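Working notes, beginning with the structure itself.
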Amino acid sequence: MRKYIPIAVLVFTVYIVFSGSISPYDIAIGIALAIGTSLVVTKYVVQDSKKALSLRRFIHLIAYAFYYLTIAEFKAHLMVTRIILSKSMPVKPAIVRVPYRAKNEYTIVACANSITNTPGTVVVDIDTEKSQYYVHWIYAVGLEPEVTYENILKDFEKRLLKVFE
Amino acid sequence: MRKYIVLLSIVLTTSVLAYITTYLEAIGLVGLDTRYLAKLFLTLAYNPLARELTVLSPEAVTSIVWDFRGIDTFYETVVFYMAIIAALAIYRGVGYPSIRSEKGLSIIVKVVTKLLIPINIAIAVSVAAHGHLTPGGGFQAGAALAVISVLLAVVFSASSFARVGVSLSKAIALRTVGLLAIAAVVFVPVVFNALTGVQAYLMQNYVKVDSEFAFPTHIQSQLISGTLIWFNLAEFLAVSFGFFVVFMLLSLREDVVREQLGEEHGH
């Protein structure tokens, strides 16, 4: 029973926000829809409902969102802005291997999307067998796995491991 | 020189279009009452004072689509239904092969898509359930829901349909239920007339000059606009699973289809 809660909450929230109404009509349809959708979809989407309902993990997620949208994005934008504004255009582009430690697919995907959404780095491919991303890096400081991990992934992964792993 | 030619042609085109749209009154002169029909629809869509003329839906487009020109929309839905029957006839006897490799796109796309599917369902149902209140309606919601079939086929694999319990026959059944539900709403007034003797017309939504028949317009204080909500929900079912059928058929590989169709379609 508990395992159906995460998707039901997601669907109900999306329905109400998208409809922009909290009339009894919408709350009734929202609840029925949330239950129905969750019954069908949960087994494909939720791997571990305890994790999805954990308050500690949720707080870590909020903290990560805050870190990502402010500090990480600011640092990445600053770096790219410097490159754009400098006369000599100091780029050193390369596609580098970045090894990851995450095992859970949600961690792997959240890390990959975090890398792609910050300017300067884009995940172009992923090798799940070797546990590594292939990342296009606008200013490749080094090509060694330790260097790329340290510079591109570490800050995201150590935080996201607390959310999903 | 080229610069002047470009400039001249821009000025010329703009002048010609301006002349056509204003002095030739191609879209009506501002201030003149040339948009009478539009005004009529807008004033009558939701107007409790014009009791015998109104649709009682603040959404003018849905009012037109399912009431003012409701029979037209009914036949449009039938045409869509027939088109899918034609598609099924071309693919007759072709089934999904049970064992196929499932590769699909990268884990990144798969995980994001998995999360988007319940969100997609919520939005599609919202668009259908508010068709009589806000822009949208059954067809739009159906198209939105059918996106899921494309996502499944492209992101995962055509064989993922079977894995999540979606089959051609189920999709065909659901779209038939949708169309039958539309037909049922169309005939309710006629049955009502036969049973009670009260004057009522085919596809009637709200009271007319000589007929007091009306679908329920409210559930408690919530406006449901008579037939419109039922038409939208039924159309949602018919269209979404109609598209499901087509997209499922189109996602079959050509060699699989040819193999199953046999020689006659060969070369």
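So the sequences go chain by chain: V and U. Okay, so the first sequence: first residue is 1 according to our numbering, each after it adds one. Okay, so the second sequence: first residue is 1001 according to our numbering, each after it adds one. Using N, Cα and C, we set each Cβ at its ideal position, and we do this for glycine too. Since this is a predicted model, take the numbers as computed values, not measurements.
- Identification of chain U residues near V/Y4 by a Cβ-Cβ cut-off of 8 Å yields none; the smallest Cβ-Cβ distance measures about 11 Å.
- Closest in C-alpha terms to U/V1164, from the list U/S1149, U/G1178 and U/P1135, comes U/S1149.
- Runs of the beta strand (DSSP E) spanning 3 or more residues and lying entirely within the region 1138-1209 of chain U do not occur at all.
- With respect to chain V, the C-beta atom of U/K1003 has no partner C-beta closer than 9 Å.
- The alpha-carbon of V/K43 is positioned some 20 Å away from that of V/I108.
- Between U/Y1081 and U/L1179, the CB-CB gap stays under 9 Å.
- Distance between U/A1184 and U/S1009, taken at the CA atoms: about 57 Å.
- Exclusion of the five residues before and after V/P93 leaves H136, W137, I138, Y139 and A140 as the residues of its chain whose Cβ lies within less than 8 Å of its Cβ.
- For V/V9, same chain residues with a beta-carbon under 8 Å away, outside a window of 5 residues either side, are A34 in chain order.
- Closest in C-alpha terms to V/V96, from the list V/S54, V/A32, V/F74 and V/V122, comes V/V122.
- Against chain U, a Cβ distance below 7 Å from V/I7 picks out P1118.
- Residue pairing for V/P99: DSSP places it in a beta bridge opposite V/Q132.
- Chain-ordered, the chain U residues with CB closer than 8 Å to the CB of V/S23 read Q1222.
- For V/D155, the enclosing alpha helix (DSSP H) has its first and last residue at K154 to F164.
- Runs of alpha helix (DSSP H) with 4 or more residues, each lying fully within the region 65-92 of chain V, are found at 73-85, listed in chain order.
- Counting the other CB atoms within 10 Å of its CB gives U/L1237 a total of 16 or more, which places it among the buried residues.
- Taking CB atoms only, V/D26 has a neighbour in chain U less than 9 Å away.
- The count of Cβ pairs closer than 8 Å, one atom from the region 1046-1056 of chain U and one from the region 1220-1234 of chain U, reaches three, so the stretches are in contact.
- Identification of residues in the region 1125-1154 of chain U having a C-beta nearer than 8 Å to some C-beta of chain V yields V1125, S1126, A1129 and H1130, given in sequence order.
- Closest in C-alpha terms to V/G20, from the list U/T1113, U/T1134 and U/V1209, comes U/T1134.
- Neighbours of U/S1106 across chain V, judged by C-beta separation under 7 Å: I126.
- In the DSSP annotation of this structure, the continuous segment of the beta strand (DSSP E) that includes V/I126 starts and ends at T121 to D127.
- When secondary structure is reduced to three states using DSSP, U/Q1260 falls in the helix class.
- Residues of the region 100-134 of chain V with a Cβ closer than 8 Å to any Cβ of chain U, in chain order: E105, Y106, I108, V109, A112, N113, V123, D125, I126 and T128.
- When secondary structure is reduced to three states using DSSP, V/S19 falls in the helix class.
- Within the region 40-52 of chain V, those residues whose Cβ lies closer than 7 Å to any Cβ of chain U are, in chain order, V41, Y44 and V45.
- As DSSP reads the structure, U/S1211 sits in a beta bridge with U/K1208.
- Taking a beta-carbon distance threshold of 9 Å, V/F18 counts as an interface residue toward chain U.
- Relative to V/T148, the option among V/A32, V/R57 and V/P99 whose CA is nearest is V/P99.
- Residue burial annotation: U/L1228 is buried, with at least 16 other C-beta atoms found within 10 angstroms of its C-beta.
- In this structure, U/V1257 lies away from U/R1175, with their beta-carbon atoms at least 9 Å apart.
- Under the three-state reduction of DSSP, U/L1223 is assigned to strand.
- Judged by their CB atoms, U/F1231 and U/G1104 are not nearer to each other than the 9 Å cut-off.
- Beta bridge pairing from DSSP links V/Y139 with V/K92.
- The distance from the Cβ of U/I1172 to that of V/I126 is about 38 Å, inconsistent with a contact at the 8 Å cut-off.
- Counting only unbroken stretches of 4 or more residues, the alpha helix (DSSP H) elements lying wholly within the region 1041-1103 of chain U are 1060-1063 and 1070-1090, in sequence order.
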